[in-house]
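If you're matching them up, the sequences are chains A and B in order.
Residues in the first sequence are numbered consecutively from 1, following this note's numbering.
Residues in the second sequence are numbered consecutively from 1001, following this note's numbering.
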Amino acid sequence: MDQYYYVDARNQQAGPYSLNDLIAQGITSSTLVWKQGMSGWVPAAQVPEVAAALQRASVPGGGPGVPPPAAGKPADMLVWAILSTVFGCQPLGVVAIIFAAMSRSAVARGEMEMARQQFKRSLIFTIIAAAVGIPFNTLLLIAMMSS
Amino acid sequence: MSRRSVQPLLLLVFLLCAAAFWWAVDPAACRFAPQCPFRLLTGWSCPACGLQRAAHALLHGHPVAALRYNFFFLFSLPYATGACLAAWLPSARWRGRLARVCFAPWMLWTYVALFCAWGVVRNCLGI
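Laid out in structure tokens, this is it:
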């Protein structure tokens, strides 16, 4: 089991802790952490196993074995963004896919905070694409039929 | 009902309505058919243009003619099908397997790149 150290609020080095104890200290994704073998202090978000543990700790009722949110929930909104670009002209849908790709890259790097932000943007663009696209096309259809 | 069962149902109902509409209506001849806003505004074809004519041709048994309206469907339709399955399949194991491919960052980037490239190419070549 790796032993972790972190820099506390008063800029004091604290540790060593096991991974679980480290999380229990209330560190955030920007807290500087270090363990044997690392070349220097880095934000917790950039240490994959610490980032993943933080992520689990932040999910209510979460714990070991709970998959990261990127595995399930974002997928069904992403599908609608993809469908909007297949079944109609939706530049906004493309933007939503780009943010989703950035979110997933961030998950792969262990940057959960960044991943959440990009996911939120992706969601917003998906919703705007639907909110703009559906009424616009309906109006257009009505205008065509009445002209 | 959960979101996972409502959303595919919504899509299915939409697709069935759309198929019925496009079977009955020839978009090339009918002015009631919805127009692409991008094409109306710019005069250029968007990467998805040709969908209605392709659907009409396909539903009347002309798959080759359908493809000629938009070659991008060769890639986008299988991909969209994969994405739907990856999000909504009942089996968590298969959902996970498909999602690892369909929603991987490199796959999303590939899709966006091909989408944009096709938009440029079709307008340059006039297809």
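Glycine included, each C-beta is placed from N, C-alpha and C at the ideal position.
Q) In whole angstroms, what separates the C-alpha of Gln46 of chain A from that of Gln55 of chain A? A) 12 angstroms
Q.
Using C-beta distances below 7 angstroms, list every residue in its chain close to Gln90 of chain A, excluding the 5 sequence neighbours before and after it, in chain order.
A. Ser84, Ala129 and Gly133
(Q) Between Ser1005 of chain B and chain A, is the shortest Cβ-Cβ distance under 8 angstroms, so that the two count as touching? (A) no
Q | Same chain, Cβ closer than 7 angstroms to Leu32 of chain A, five either side skipped, listed in chain order | A | Tyr6, Val7, Trp41, Val42 and Pro43
Q.
Which same chain residues end up closer than 7 angstroms to Leu1009 of chain B when comparing Cβ atoms and leaving out the 5 residues on each side of it in sequence?
A. none
Q | Buried versus exposed, by CB contacts within 10 Å (16 or more), Val1120 of chain B | A | exposed
Q) How close, in whole Å, do the beta carbons of Pro1027 of chain B and Arg1053 of chain B come, if the pair is a contact with beta carbons under 8 angstroms? A) 5 angstroms
Q: Could you tell me if Gly110 of chain A is buried or exposed, where buried requires 16 or more neighbouring beta carbons within 10 angstroms of its beta carbon?
A: buried
Q) What's the call for Ala1099 of chain B, buried or exposed, on a 16-neighbour Cβ count within 10 Å? A) buried
Q: Would you mind stating whether Val79 of chain A and Ala1087 of chain B have Cβ atoms separated by less than 8 angstroms?
A: yes
Q | Inside the segment 88 to 137 of chain A only - alpha helix (DSSP H) runs reaching at least 4 residues | A | 91 to 109
Q) Which residues of chain B have a Cβ atom closer than 8 angstroms to the Cβ of Ser105 of chain A, listed in chain order? A) Pro1105
**Q.** Beta-carbon proximity list for Pro69 of chain A, same chain, < 6 angstroms, skipping 5 on both sides
**A.** A caution first: Pro69 of chain A carries a pLDDT of 46, below 50, which makes its placement in the model too unreliable to give a value.
Q | Close beta carbons around Leu92 of chain A, own chain, < 6 angstroms, minus the five adjacent residues each side | A | Phe125, Ile128 and Ala129
Q | Cutoff 6 angstroms; reference Met77 of chain A; Cβ partners in own chain excluding five residues on either side | A | Leu123 and Thr126
Q) What first and last residue would you give for the beta strand (DSSP E) that runs through Pro16 of chain A? A) Gln13 to Tyr17
(Q) Using only the alpha-carbon positions, how far apart do Pro67 of chain A and Phe1073 of chain B sit? (A) Confidence is the limiting factor: at Pro67 of chain A the pLDDT is only 43, short of 50, which leaves the residue's position unreliable and the question unanswerable from this model.
**Q.** Contacting residues, own chain, Cβ-Cβ under 6 angstroms from Ala100 of chain A (five flanking each side not counted)
**A.** Leu78 and Ser122
Q) Can you tell me the Cα-Cα spacing of Leu140 of chain A and Ala1033 of chain B, whole angstroms? A) 10 angstroms
Q.
Whole angstroms are fine: how far does the CA of Cys1124 of chain B sit from the CA of Ala1083 of chain B?
A. 30 angstroms
Q.
Within 8 angstroms of any Cβ in chain B, is that where the Cβ of Ala129 of chain A sits?
A. no
Q) Beta carbon of Trp1109 of chain B, beta carbon of Ala1055 of chain B: below 8 angstroms? A) no
Q: Could you have a look at Leu1077 of chain B and say whether DSSP puts it in helix, strand or coil?
A: helix
Q: Mark Ser1005 of chain B as exposed unless 16 or more other C-beta atoms lie within 10 angstroms of its C-beta, in which case mark it buried.
A: exposed
Q. With 16 as the cutoff for other CB atoms within 10 Å, does Cys1017 of chain B come out buried or exposed?
A. exposed
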